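Residue numbering for the sequence shown follows the numbering used here, beginning at 11 and increasing consecutively.
Using N, Cα and C, we set each Cβ at its ideal position, and we do this for glycine too.
All of these numbers come straight from a predicted model, not from anything done at the bench.
Just below is one structure, and these are the notes that go with it.
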Amino acid sequence: MKYNVNSNGFYGDFGGAYIPEMLFSNIDELRKNYLSIVEKDSFTREFNFYLKKYVGRPTPLYYAKRLSEKYGSKIYLKREDLCHTGAHKINNTIGQILLARELKKTKIIAETGAGQHGVATATVCALMGMECVIYMGEVDIERQRPNVERMRILGAEVRPATSGSRTLKDATNEAMRHWINNPDDTHYIIGSVVGPHPYPDMVARFQSVISEELLGQLKKVEGRDYPDFVIACVGGGSNAAGIFYHYLENPKVKLVGVEAAGLGVSTDKSAATTKLGKKGVLHGSKTLLMQDENGQVTEPYSISAGLDYPGIGPLHAHLFDSKRGVYVSVEDDEAMNAGIELSRLEGIIPAIETAHAFSIFDKIDMKRKVIVINLSGRGDKDLETYIKWGKY
């Protein structure tokens, strides 16, 4: 079985481009041009230049000694939190802003939940001198205030999404409406491996720099270029797609995605798509999503703004459906406790999204294994949430 996207934009049964007619020209332009652009030597050189000189790549592979001793395994952290802007999101926004420039676009829109993609988008727009509008749910604006101010300082306009749950799903809806009304001069930088083809493949390609670096880094410290387990949190799933990418076809590597169970999968306050979701269409692609008996999208919940999404990207839906990937759901308190544990054992305060990935050592037998966890974001943005939670 193959796990990368096919020529029609599908991962197995998932993917495609289910879009209104008004978006067809935008998506068709991307589909016809993105591969020829991103595979050009000149594009690759410029992309790699900014990743190295501006983003600060390669990010370190750090051996977490005290965490390893506690859980009886060799645990390495891929330090995406050390990227410029504090998360892996900048890898994708660098790639997409260069693509937008090649397509002669002059304005950029984006959606954001935790704010890291919004900050990364505002950053590259400032770098390239492009107008920038970021859509963000009202709820997320309140719980991620530092990132909102960072976006504004960088020159972006932050527009609140006031419908529905007023979180990431609704911000994405608003961004798509904007794009429909401004098709000619605007590029939509989607922040995760979601949306209509070619976005899931495009974002995964830009984020695959994570696993590409990991191949060489592991070879140096372990004498082999693959771990036994690769672990990452999953909302839409861009950081997981990036660190899974070069291991998709390697059956020796177990791919583990960690979703937000919120207050529990048996409650109505959860975002655990693989536990609660069914096949359907969300934001332009066929995937797994949380929905009621009438096919209406249900409202997700997570203490982490970046995992507060009612679906997963089609790549992850395929990995789950084919059993190539293992997807685990983690409740709020478990994630928060794991974030505090990492802080006190290794001196690293993780983003709450990332903290979910550190919650599963008691859920899967990983003793005496080589494990890599994608530490995809810093906890600076989440200090208010840690403080309100208060159990430390």
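Per DSSP, histidine 197 is one residue of the beta strand (DSSP E) stretching across 196-198. Judged by DSSP secondary structure, lysine 179 falls within the alpha helix (DSSP H) whose first and last residues are 178-191. Within the same chain, Cβ atoms closer than 6 Å to the Cβ of asparagine 101 are found at Phe216, Gln217 and Val219, the five residues on either side in sequence being excluded. Between histidine 326 and valine 244, the beta carbon gap of about 6 Å places them in contact (Cβ cut-off 8 Å). DSSP places arginine 169 inside the beta strand (DSSP E), whose first and last residues are 167-171. Taking C-alpha positions only, glutamine 227 is separated from methionine 140 by approximately 35 Å.
Beyond the five residues adjoining it in sequence on each side, serine 78 comes within less than 7 Å, by CB distance, of Lys84 and Ile85 in the same chain, given in chain order. Sorting Phe59, Leu355, Glu351 and Thr297 by C-alpha distance to the C-alpha of serine 369 places Glu351 at the top. When rounded, the separation of the alpha-carbon atoms in isoleucine 313 and serine 339 is 13 Å. By alpha-carbon distance to alanine 361, the top candidate from Gly335, Ala315 and Ala120 is Ala315. No residue range can be given for serine 332, since it is assigned to no beta strand (DSSP E) and is classified by DSSP as neither H nor E. The Cβ atoms of isoleucine 151 and valine 158 lie closer than 8 Å to each other.
Only exposed fits aspartate 278, as fewer than 16 other CB atoms lie within 10 angstroms of its CB. When secondary structure is reduced to three states using DSSP, glycine 147 falls in the strand class. Looking at Met212, Val231 and Tyr236, the one whose alpha-carbon comes closest to that of glutamate 222 is Tyr236. Excluding five sequence positions before and after alanine 132, the CB atoms of its chain that fall closer than 6 Å to its own CB belong to Cys142, Met161, Leu164 and Ala166, given in chain order. Collapsing the DSSP output to three states places asparagine 58 in a helix. Counting other Cβ atoms within 10 Å of its Cβ, phenylalanine 57 reaches 16 or more and is therefore classed as buried.
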